[in-house]
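Here the structure is laid out as structure tokens; the discussion comes afterwards.
Number of protein chains: 2
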Amino acid sequence: MLAANYPQGLLIVISGPSGTGKGTVIKSLIKSLCNSNSHISILPSVTTRSPRTGEREGYSYFFRTKDEFLEMVRKNQLIEWVEYCGNFYGTPREQLENTLKAGLDVILEKDVDGALKIKMAYPDSVIIFIAPPSLKELRRRIESRGTESTDAIEKRLSRALEELEYIREYDYVVVNNSVNETVSAINCIITSEKLKTKRNNGILEKIKR
Amino acid sequence: MLAANYPQGLLIVISGPSGTGKGTVIKSLIKSLCNSNSHISILPSVTTRSPRTGEREGYSYFFRTKDEFLEMVRKNQLIEWVEYCGNFYGTPREQLENTLKAGLDVILEKDVDGALKIKMAYPDSVIIFIAPPSLKELRRRIESRGTESTDAIEKRLSRALEELEYIREYDYVVVNNSVNETVSAINCIITSEKLKTKRNNGILEKIKR
Numbered sequence: 001m002l003a004a005n006y007p008q009g010l011l012i013v014i015s016g017p018s019g020t021g022k023g024t025v026i027k028s029l030i031k032s033l034c035n036s037n038s039h040i041s042i043l044p045s046v047t048t049r050s051p052r053t054g055e056r057e058g059y060s061y062f063f064r065t066k067d068e069f070l071e072m073v074r075k076n077q078l079i080e081w082v083e084y085c086g087n088f089y090g091t092p093r094e095q096l097e098n099t100l101k102a103g104l105d106v107i108l109e110k111d112v113d114g115a116l117k118i119k120m121a122y123p124d125s126v127i128i129f130i131a132p133p134s135l136k137e138l139r140r141r142i143e144s145r146g147t148e149s150t151d152a153i154e155k156r157l158s159r160a161l162e163e164l165e166y167i168r169e170y171d172y173v174v175v176n177n178s179v180n181e182t183v184s185a186i187n188c189i190i191t192s193e194k195l196k197t198k199r200n201n202g203i204l205e206k207i208k209r
Numbered sequence: 001m002l003a004a005n006y007p008q009g010l011l012i013v014i015s016g017p018s019g020t021g022k023g024t025v026i027k028s029l030i031k032s033l034c035n036s037n038s039h040i041s042i043l044p045s046v047t048t049r050s051p052r053t054g055e056r057e058g059y060s061y062f063f064r065t066k067d068e069f070l071e072m073v074r075k076n077q078l079i080e081w082v083e084y085c086g087n088f089y090g091t092p093r094e095q096l097e098n099t100l101k102a103g104l105d106v107i108l109e110k111d112v113d114g115a116l117k118i119k120m121a122y123p124d125s126v127i128i129f130i131a132p133p134s135l136k137e138l139r140r141r142i143e144s145r146g147t148e149s150t151d152a153i154e155k156r157l158s159r160a161l162e163e164l165e166y167i168r169e170y171d172y173v174v175v176n177n178s179v180n181e182t183v184s185a186i187n188c189i190i191t192s193e194k195l196k197t198k199r200n201n202g203i204l205e206k207i208k209r
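Chains B and S, in that order, give the protein sequences. Counting from 1, position 131 in the first sequence corresponds to residue 131 in my numbering; the numbering is continuous, with no gaps. Counting from 1, position 185 in the second sequence corresponds to residue 185 in my numbering; the numbering is continuous, with no gaps.
See below:
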């Protein structure tokens, strides 16, 4: 881990089953943090998929070939990575650490597996699980999209159930009853994490100065 | 400690050197918590000092004779106690635990010694240190009261310096730049502490229900 005495950004990882409203929450959270002049940085993932129109290297993603990606895996340059629909996605270690060292907070959206790997690598990171109010409500939200087959819906729900089993591994759990409440709860978590004495090692010297 | 699985109140202990504005902060905090319909309870201390006009048993304090107080100490019925100006003051174990079991949050104002004793007895409690922005500012605040001799002021400052050395033993430190900001920071700490997964053991069952 980075030196604890160094003033540095907070690493926040957010997970939650598909259909929980996690995407909307994160978008709204980042907007609220930007408006409040928080020092926040969006860290792009490394990916092997092709850039879509408008996507820029180092902004949307770090685009790499499959060989380059696997080379990064071998060199331990990715904190975690995953294969999804034939493409690879990973979290670049160097960029993440440089961003935190620069004092910027980083918010990552990861599945359970990715989040727990990041927590292992960075014990000072904060991992937050966004949970649906109930499975019944989760089903309602997924079904109301009206875009998926019964089979796909059942698959999503059974995956959600699997992910929910990992709630206890997380630092915090926020039940997403409303986007605004959830965003303000996560903002509170960020505020209070920064008030922890373990993150304010230099405070005594600062007061005495 | 009380069974972690049991839905119970949060025990918050606040310390801070004299002159930090701790008293004003706590008053304003309790007011804001009452207004927000939080389930909060004021826990009176046990004391051997005589009731003043208007003070009521069980509301202002639990009034006891010195013998009764010492009997409580012997029976381990006080979590911590202190002698101050010839009178004894202590935190009653049974009343505290019953209040928490009833699901009510308890806020206590304690000196460093008391706070650390409570944290030892209740590791799930949250101890918060309210710090002055600087020693210079602390001196200014104490001097601006205009009620104390130079000698008394120096004594307060040297006591403050002693207490500040214990900051790192606390869970959180809030620098009191303004009462409103400090109260809202402590409110955030309370909100986020309640979102910790370790305090939400039953959540998975609740979602699945």
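Note that beta-carbon positions come from the ideal geometry of N, C-alpha and C, so glycine has one too.
P123(B) and T24(B) have their C-alpha atoms roughly 27 Å apart. Taking a C-beta distance under 7 Å as the contact criterion, I127(B) and G16(B) do not qualify as a contact pair. One alpha carbon belongs to T20(S), the other to G19(B), and they sit about 47 Å apart.
Rounded to whole angstroms, the separation of the alpha carbons of I42(B) and L204(S) is 31 Å. Excluding residues up to 5 positions away in sequence, L33 and D105 lie with their Cβ nearer than 6 Å to the Cβ of I40(S) in the same chain. Closest in C-alpha terms to I186(S), from the list T182(B), S184(B), T191(B) and I186(B), comes T191(B). Collapsing the DSSP output to three states places G54(S) in coil. In the three-state reduction of the DSSP assignment, K27(B) falls in the helix class, which pools H, G and I.
Taking C-beta separations shorter than 7 Å and ignoring five residues to either side along the sequence, the partners of S38(B) in its chain run D105, following chain order.
In terms of Cα proximity to D171(S), the closest of S125(S), E97(S), R145(S) and S158(S) is S125(S). For S15(B), the beta-bridge partners assigned by DSSP are F129(B).
For I107(B), the closest C-alpha among the options D67(B), S45(B) and N176(B) is that of S45(B).
Of the residues K196(B), V173(B), L70(B) and Y166(B), the one whose Cα lies closest to the Cα of K196(S) is V173(B).
Look at I79(B) here: in three-state DSSP terms it is strand. Any Cβ of chain S closer than 7 Å to the Cβ of R199(B) would place that residue at the interface, and such an atom is absent.
One Cα belongs to E137(B), the other to V183(B), and the distance between them is close to 19 Å. The three-state reading of DSSP puts S38(B) in coil, since its state is none of H, G, I, E or B.
When CB distances to chain S are screened at a threshold of 7 Å, not a single residue of the region 29-50 of chain B falls below it. In the structure shown, K155(B) adopts helical secondary structure according to DSSP, grouped into three states.
As DSSP reads the structure, I107(S) sits in a beta bridge with I12(S). DSSP places S45(B) in the uninterrupted beta strand (DSSP E) bounded by S45 to T47.
Within the same chain, and ignoring the five residues on either side of Q95(B) in sequence, the residues whose Cβ sits closer than 7 Å to its Cβ are L43.
C-alpha of N176(B) to C-alpha of R209(B): approximately 44 Å in a straight line.
Of all residues in the region 186-197 of chain B, the ones placed with a Cβ closer than 7 Å to any Cβ belonging to chain S are C188, I189, T191, S192, L195, K196 and T197, in chain order. Within its own chain, the residues whose Cβ lies closer than 7 Å to the Cβ of A121(B), once the five positions on either side in sequence are excluded, are I79, listed in chain order. Taken in chain order, the members of the region 145-166 of chain S whose beta-carbon sits within less than 9 Å of a beta-carbon on chain B are L161, L164 and E165. Between T48(S) and N87(S) the beta-carbon gap is near 5 Å, inside 8 Å, which marks them as a contact. Per DSSP, reduced to three states, the secondary structure at T147(S) is coil, with no helix or strand assignment.
By the rule that beta-carbons nearer than 7 Å mark a contact, L10(B) does not touch chain S. With respect to the 7 Å criterion, I142(S) and S134(B) are not classified as neighbours on the basis of their beta carbons.
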